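Only one structure is covered here, and it is reproduced in the block below.
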Amino acid sequence: MESPVRARDYIDRAQAQTGLGDFGAGGWQEGLDRLVAALSAQPLHAEGIARVEARLVATLAARLKIEDWIARNPTYGDGAIDGPVVIIGLPRTATTALLNLLANDASWRFVRSWEAGAPVPPPDIATEASDPRAAAERAFIASDTTFRGQHIHQASGPVDDAALLRLSFRNQELGWPAWDYTRWWRDCDMAGTYAYHARALKLLQHDRPPNRWLIKAPWHNFHLDALVATYPNARFIMTHRDPVKTIPSVASLLETSYATVMPKEAIDPIALGREIMEHLQISLSRASDFRRRFGEDRFIDIRHETFNADPMGEVSRIYDWLGRSMDATAEAALAGWATENRKGVRGEHRYTAEHFGLSDPELADVFADYRERFVSAP
11 MESPVRARDY IDRAQAQTGL GDFGAGGWQE GLDRLVAALS AQPLHAEGIA
61 RVEARLVATL AARLKIEDWI ARNPTYGDGA IDGPVVIIGL PRTATTALLN
111 LLANDASWRF VRSWEAGAPV PPPDIATEAS DPRAAAERAF IASDTTFRGQ
161 HIHQASGPVD DAALLRLSFR NQELGWPAWD YTRWWRDCDM AGTYAYHARA
211 LKLLQHDRPP NRWLIKAPWH NFHLDALVAT YPNARFIMTH RDPVKTIPSV
261 ASLLETSYAT VMPKEAIDPI ALGREIMEHL QISLSRASDF RRRFGEDRFI
311 DIRHETFNAD PMGEVSRIYD WLGRSMDATA EAALAGWATE NRKGVRGEHR
361 YTAEHFGLSD PELADVFADY RERFVSAP
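Numbering (the working numbering), first residue to last: 11 to 388.
In structure tokens:
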């Protein structure tokens, strides 16, 4: 990529594409500038540049369309956001599997893959079955084999909050080689970002109830204070898996992602391993500190091994904790999904710690306190 001045180019392109000019409240520009600067320092190949530019322009266009739609719809914001219930934890700890499992209960509202990046017009329950965005997402998933065996992805299934946080250009963006940006993001002010997150959720639920939100992103760990400032009634499901297994798995996933935007020979797996180990150590430290201050009663813990062995048992425990019941239709849908998507059905994800310059003993030592509490305990 070229110099950070390109950020202005993306803004101009989004405005020309949409014919709109109002991005709403400020504060998002710094993140865009920093992200473009970080990526400009990397040896992205031509396809990678095209991918990055397409996403940046699409994100800017989505924000323009959100502001335009809200300005033209005075009833926007009438509905309150219920909750949300937030799934957090390290990546590769079954956050995605748990989200997809729970999403089979129709009483939840979640961000669906096809509406995440293109939320305008807001989905309408009366017409969404034929929404062209859903068809386009199904076609994309069918053609893109990059992460098969590594990640669950369905067009009408739930996705994490990346697209909503990205609307403010304050999303961790681990899938791109932009560590200068990610380090800045770890300590940036996220108050406006979560306010805009809520703005987007209200738009998505406007014509598509229910309003009982179930959201998920491992990177919420870094900014939980900002999240609860916007969502004071949030409750948290935190998933756990031994970091000795998790850290190399995350590094492997990111290596695959990097290879979609830069030459494989330009990827330094040793540097990647070090960066992700430090990053996720900070993630757990922040979450642990928040739990002490916010209150353990707002959290329920789900261990990876227990979830894989008895997913419906863990679901029952979650519903008991929430004080909710599940009807027979929902229970059958969840049980069916759990059977069809049991561990290993998508193939095996192979990786080693050594490839990333890490070792099991080192990881066990770095994450000793976390492992003692959440991995070793019965």
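The C-beta atom is built at its ideal place from N, Cα and C for all residues, glycine as well.
Here the structure is a predicted model, which means the values were calculated and not measured.
Using alpha carbons as the reference points, say which of the options lies closest to residue i.
| i | options | result |
| --- | --- | --- |
| A344 | L111, V376, I328, W186 | According to the sequence provided, residue 344 is Leu. The question's Ala does not apply to it. Among L111, V376, I328, W186, the Cα nearest to that of L344 belongs to L111. |
| I292 | V376, S140, A128, A205 | V376 |
| W194 | L42, S295, L368 | L42 |
| V67 | E57, Y86, N83, G127 | G127 |
| H207 | H230, D190, S259, R196 | H230 |
| T362 | K353, R352, L373 | L373 |
| E63 | R18, G87, F33, Y86 | R18 |
| R73 | A56, I328, L213, L54 | L213 |
| S369 | W79, P253, C198, E57 | P253 |
| D311 | E324, R122, N351, P94 | E324 |
Taking all protein chains shown into account, do 16 or more other C-beta atoms lie within 10 angstroms of the C-beta of residue i, making it buried, or fewer, making it exposed?
| i | result |
| --- | --- |
| R383 | exposed |
| I280 | exposed |
| T349 | exposed |
| N243 | exposed |
| G99 | buried |
| K274 | exposed |
| L108 | buried |
| F179 | buried |
| T256 | buried |
| F150 | exposed |
| G29 | exposed |
| L332 | exposed |
| G305 | exposed |
| V385 | buried |
| P142 | exposed |
| E364 | exposed |
So is the beta-carbon of residue i under 8 Å away from any non-hydrogen atom of the ligand ATP?
| i | result |
| --- | --- |
| Q182 | As presented, the structure is devoid of all ligands, the ligand ATP included, so that no description of it is given. |
For residue i versus residue j, is the C-beta distance shorter than 9 Å?
| i | j | result |
| --- | --- | --- |
| H314 | T103 | yes |
| G283 | A261 | yes |
| D170 | P228 | yes |
| P168 | A113 | yes |
| G36 | P219 | no |
| I97 | I247 | yes |
| Q27 | A81 | no |
| A48 | A188 | yes |
| P133 | I76 | no |
| A340 | D115 | yes |
| L105 | K226 | Note that residue 105 corresponds to Thr in the displayed sequence, not to Leu. Yes, they are a contact pair. |
| T240 | A205 | yes |
| S448 | L177 | Shown here, the chain extends from 11 to 388; a query on residue 448 therefore has no answer. |
| L175 | T203 | yes |
| A93 | R303 | The question names Ala, but residue 93 in the sequence shown is Gly. For G93 and R303, no; Cβs fall outside 9 Å. |
Between which two residues does the alpha helix (DSSP H) containing residue i stretch?
| i | result |
| --- | --- |
| K255 | 253 to 268 |
| V238 | 234 to 240 |
| P187 | No alpha helix (DSSP H) contains P187, which DSSP labels as neither H nor E. |
| W38 | Where W38 is concerned, there is no enclosing alpha helix (DSSP H), given that its DSSP letter is neither H nor E. |
| L211 | 201 to 215 |
| W331 | 321 to 332 |
| T349 | 338 to 350 |
| N110 | 105 to 112 |
Under three-state DSSP, which class holds residue i?
| i | result |
| --- | --- |
| M287 | helix |
| P53 | coil |
| L224 | strand |
| I91 | coil |
| D299 | helix |
| F157 | For F157, the predicted structure reports a pLDDT of 49, less than 50, and the residue's modelled location is therefore unreliable. A value from the coordinates is still provided. Reduced to three states, the DSSP call for F157 is coil. |
| H365 | helix |
| I97 | strand |
| P132 | coil |
| R122 | strand |
| P168 | strand |
| F150 | helix |
| Y380 | helix |
| T85 | coil |
| H359 | coil |
| F304 | helix |
| G31 | coil |
| R218 | coil |
| F179 | coil |
If you follow the beta strand (DSSP E) that residue i is part of, which residue opens it and which one closes it?
| i | result |
| --- | --- |
| I312 | 309 to 313 |
| R245 | 245 to 250 |
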